Structure formats: C-alpha cells, structure tokens
Amino acid sequence: MKNLSYYDTLKTIYNDFKLIKNNNPETKLIGRSISLYEHKPSTTIDVVFRDWLNCDTYWQEYGIDFSLLKRYDIYPLQEYWINGWKKYTHEDDNPAYSFEFGEGKRKILSPYSDYKWLSNTSSNIFSGYKQLDENGDILIITSSLKDVMVLRKLGYNAIAPQAETNKISKEIIDELRERFDYIYLNYDNDFSKKINSGQIFAQKIIEQYPDIINIYIPDEFECKDISDVAKTSGITFAKQLIDSLI
Numbered sequence: 061m062k063n064l065s066y067y068d069t070l071k072t073i074y075n076d077f078k079l080i081k082n083n084n085p086e087t088k089l090i091g092r093s094i095s096l097y098e099h100k101p102s103t104t105i106d107v108v109f110r111d112w113l114n115c116d117t118y119w120q121e122y123g124i125d126f127s128l129l130k131r132y133d134i135y136p137l138q139e140y141w142i143n144g145w146k147k148y149t150h151e152d153d154n155p156a157y158s159f160e161f162g163e164g165k166r167k168i169l170s171p172y173s174d175y176k177w178l179s180n181t182s183s184n185i186f187s188g189y190k191q192l193d194e195n196g197d198i199l200i201i202t203s204s205l206k207d208v209m210v211l212r213k214l215g216y217n218a219i220a221p222q223a224e225t226n227k228i229s230k231e232i233i234d235e236l237r238e239r240f241d242y243i244y245l246n247y248d249n250d251f252s253k254k255i256n257s258g259q260i261f262a263q264k265i266i267e268q269y270p271d272i273i274n275i276y277i278p279d280e281f282e283c284k285d286i287s288d289v290a291k292t293s294g295i296t297f298a299k300q301l302i303d304s305l306i
C-alpha cells in the first residue's frame, strides 16, 4: 500500500501500533526479533528486458509515448527474479515494467495484476530527479513517476518520492529552492475515500515548508491525479487544467 521495503514496512507497523516499550529498540513481532537501528540488506531484483510490443498500450492511455519512457528509464520485462527466485515471465495480458534507478535499484509495475508494485528502492530516491532541467521557473513535487512523465509532457519539471508517506528532507528542498523559482505540491486528491490520505500527507509537507504551494485536482473532475485527467479527458485538457491551478 505504501510502496515500502520489507524492513521499512516493519518500522511503520512498530510506530503505528506503538509496539516499542521502555525505549527498547528490540521488539518481537511474529516470532522475529529485529533492531530498528540495524542495517538490513535490500532485496535483489534481477530482470531481463524485452522489446516493446502491441500489448504495451497501458502507457498510451495517459499520453505517454516511448520517447518519454526511454527518457525516464522505464523498460518492458520478459522475466524477473527476487533474491534469485524466478517470479515472473511475460504474458501479453499481464505485462510488467521496470523503473530503473541505477545501482540495482528498481521498481516493478504490473498494472493488470492484483499486486501492482514491488521495489527495492529507498526513501532517498526521487523519481524524475535525474531528468530535471538544471534550473527553471516551476518545479512540481507529485505522487508517482507516471504523474512526473505526464507533467513533463505538459511542459513542467517534476519529481516524486517513492511514496506520499515519505518525508522530504530540508536538504533536498533547499537544493530545489536554489534551482527553481517556485515549488508546487500536487499529491493525490483521494476524493472518493473516507480519508483523503493524499491531502493529509500534502498538508504535513506544507506545514513544514510553508513556501511550497499546494495544488490538487478539484473534486468535480472525479480524478485523483493529473494522470487520470490525461486518461479521461486527454492531454490538451490536462494541460489547461494544470495551467489554471498554477
């Protein structure tokens, strides 16, 4: 749900359920004892790429073409392995894609599977960071790499944390302030859910960095993010909407 590693997931469970008592960093959970401060090796994900095929129409629905996918290091997969165990072989009705971040760090998307995501990335990796212009007028911090690519298509520099739950360090914000005149936040508007998680996390960032300007897709469009707007109403309308919000 939060696109976290196994270890970060355990830490979240510990914190949310207040399982640590008496300041003891060693907490037992489901028969497993783990120190919150001990370094854990990341999961190894090995991949074999394939050529783009006619089954890869998923991206076209959002106006994302192959040149954008190549620019943002997204590749279709023939196979992948998790810690040496083969977990996937390509099928046309169940394609998978690797988001490559370098040094063996990658996120796997299976858009038509019950389990869409797996990754071995860390919270200090930002999607789209490597592809940013050196400087510019506007930068948008958004929810996902898909949103980053749509915003690039619309003419905007954008980056995304690995999950909306991730904190963004002051060091990163200070660097972005040096490079861009205005920073906007465009997290999901979970308008259809009882708890609007995207905007809850957005408000936490705005409280920490008051100069960042929060924008979101209005409820009336019944789209949680700019990718959904592009899919339902087209790139031209998405451009007009994001321009008007800014």
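Take 61 as the starting number for the sequence shown in our numbering and just add one per residue.
By construction, the Cβ of each residue, glycine as well, lies at the ideal position given by its N, Cα and C atoms.
All values reported here derive from a predicted model rather than from experimental measurement.
Quiz prompt | Span separating the alpha-carbon of Glu282 from that of Lys253 | solution = Position 222 of the sequence shown holds residue 282. Position 193 of the sequence shown holds residue 253. Their backbone Cα atoms lie some 12 angstroms apart in a straight line.
Practice problem: Assign Ala290 to one of three DSSP states: helix, strand, or coil. | Solution: Along the sequence shown, read from residue 1 onward, the residue named residue 290 stands at position 230. Of the three classes helix, strand and coil, the one that applies to Ala290 here is helix, per DSSP.
Quiz item: When the distance is taken between beta carbons, is Ile277 closer than 8 angstroms to Asn249?
Solution: Taking the first residue of the sequence shown as position 1, residue 249 is located at position 189. Taking the first residue of the sequence shown as position 1, residue 277 is located at position 217. Cβ distance < 8 angstroms, so Asn249 and Ile277 count as in contact.
Quiz item: DSSP beta-bridge partners for Ser158?
Solution: Position 98 of the sequence shown holds residue 158. Tyr135, Ile168, per the DSSP bridge assignment.
Quiz item: Are the region 107-121 and the region 180-196 touching, with three or more C-beta to C-beta distances below 8 angstroms?
Solution: no
Quiz item: Between which two residues does the beta strand (DSSP E) containing Gly258 stretch?
Solution: Here the question's residue 258 lines up with position 198 in the sequence shown. Looking at the DSSP string, Gly258 is not in any beta strand (DSSP E); the run it does join, the alpha helix (DSSP H), is 257-268.
Self-check item: Pair within 8 angstroms by beta-carbon distance, Asn154 and Tyr172
Solution: For the purposes of this step, residue 154 is taken as the residue at position 94 of the sequence shown. For the purposes of this step, residue 172 is taken as the residue at position 112 of the sequence shown. Yes, they are a contact pair.
Quiz item: What's the gap between the Cα of Leu137 and the Cα of Asn63?
Solution: Along the sequence shown, read from residue 1 onward, the residue named residue 137 stands at position 77. Along the sequence shown, read from residue 1 onward, the residue named residue 63 stands at position 3. Spanning the two alpha carbons is a distance of roughly 20 angstroms.
Quiz item: Pairing CB atoms from the region 194-204 with CB atoms from the region 229-239, are three or more of them under 8 angstroms?
Solution: yes
Quiz item: In angstroms, rounded to a whole number, what distance separates the CA positions of Lys291 and Ala298?
Solution: Locating residue 291 in the sequence shown gives position 231, counting from the first residue. Locating residue 298 in the sequence shown gives position 238, counting from the first residue. Roughly 9 angstroms separates the two Cα atoms.
Self-check item: Buried versus exposed call for Gln268 [16 or more other C-beta atoms within 10 Å across all chains shown]
Solution: As a working note, residue 268 is residue 208 in the sequence shown. Counting Cβ neighbours within 10 Å, Gln268 comes out exposed, since fewer than 16 surround it.
Quiz item: Do you know offhand how far Gln222's Cα is from Lys206's?
Solution: Position 162 of the sequence shown, counting from 1, holds the residue named residue 222. Position 146 of the sequence shown, counting from 1, holds the residue named residue 206. Near 12 angstroms, if we compare the C-alpha coordinates of Lys206 and Gln222.
Quiz item: What three-state label does DSSP hand Asn195 in the structure shown?
Solution: Here residue 195 is taken as the residue at index 135 of the sequence shown, counted from 1. In the structure shown, Asn195 sits in coil (DSSP, three-state: anything other than H, G, I, E or B).
Quiz item: Can you pull the DSSP bridge partners for Ala220?
Solution: Within the sequence shown, numbered from 1, the residue matching residue 220 stands at position 160. According to DSSP, Ala220 bridges with Ser187.
Self-check item: Met61 to Ser257 span [Cα, whole Å]
Solution: Against the sequence shown, residue 61 aligns to sequence position 1. Against the sequence shown, residue 257 aligns to sequence position 197. Cα to Cα, the separation comes out at about 12 angstroms.
Quiz prompt | Buried or exposed (CB count within 10 angstroms, at least 16 for buried), His99 | solution = Here the question's residue 99 lines up with position 39 in the sequence shown. The pLDDT assigned to His99 is 48, lower than 50, so where the model puts this residue is not dependable; a value taken from the coordinates is nonetheless given after this. Counting Cβ neighbours within 10 Å, His99 comes out exposed, since fewer than 16 surround it.
Exercise. Quick one: grab the DSSP three-state call for Asp106.
Key: The sequence position of residue 106 within the sequence shown is 46, counting from 1. It is a strand residue.
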